[in-house]
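Visitor: Below is a structure I'd like to ask you about.
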């Protein structure tokens, strides 16, 4: 990797900042002063800036508030992807979304380069519940609560027991499901005669979406959230 990209990926410094620091002799690679921004460095190189070592992160997990109109994929020919929303400082990590949200669904989506974490959070055997806020075209009824709790049969899968909570406005509900099948929340509601007109994921297990993140914004998980995610995933 280019030295300037390496440092800008590890720090808040821009490539322009890095070029100036290299020119000023403030950057070293394996004890020697760096010569140029395009010097090549590997993961085993010792890089310092102003005497302090900088290292690439080998794994990371980002919390994204996914906006509508963006697909949960690494690449797509027709639509903007969630990876397109992420800045260049994370480009070297080969991030991918954990699970998926439909193109018109908003809310909490985790991005990582940790395959074990992704598998743990998406495996049905782990029973990691995902929580959604949904707005319906008709009022939810008490009978819907029991129907969700019993689980539902579909041609391609059987939905496990799910939780449905009716809000004060009975066209608004909170839904918790343990799987993440294609259009699952919408299909379960449709089976009860209600269409979902708005859907937002607000939590994965006990990890809640940061309400300070506007649609399209993201941040790394803090230490408390990382520990929470380890407990949820069991890794």
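Numbering (my numbering), first residue to last: 1 to 235. Note that beta-carbon positions come from the ideal geometry of N, C-alpha and C, so glycine has one too.
My assumption, with CB atoms under 8 Å, is that residue 67 sits in contact with residue 106. Please give the rounded CB distance.
Guide: 6 Å
Visitor: Note down, in chain order, each residue of its chain lying with its Cβ closer than 7 Å to the Cβ of residue 246, except the 5 sequence neighbours on either side.
Guide: Lying outside 1 to 235, the shown extent of the chain, residue 246 is not represented and no answer is given.
Visitor: Taking the Cβ atom as the reference point for each residue, do residue 247 and residue 213 lie within a distance shorter than 7 Å?
Guide: In the structure displayed, the chain extends from 1 to 235; residue 247 sits before or after that span and is not available.
Visitor: Relative to the ligand HEM, is the shortest distance from any of its heavy atoms to the C-beta of residue 82 smaller than 6 Å?
Guide: The ligand HEM is not part of the structure shown, which contains no ligands of any sort.
Visitor: Among the candidates 178, 169, 136 and 139, whose CA atom is the shortest distance from the CA of residue 152?
Guide: 178
Visitor: Where DSSP assigns a beta bridge to residue 61, which residues make up the other side?
Guide: 112
Visitor: Which whole-angstrom value is the C-beta distance of residue 108 and residue 202, which I expect to be below 8 Å?
Guide: 6 Å
Visitor: With DSSP collapsed to three states, give me the class of residue 254.
Guide: Residue numbering for the chain in the displayed model covers 1 to 235; residue 254 lies beyond these limits and cannot be assessed.
Visitor: Just how far apart, CA to CA, sit residue 180 and residue 167?
Guide: 23 Å
Visitor: With a threshold of 16 other CB atoms inside 10 Å of the CB of residue 59, please say whether the residue is buried or exposed.
Guide: By the 16-neighbour rule on beta-carbons within 10 angstroms, residue 59 is exposed.
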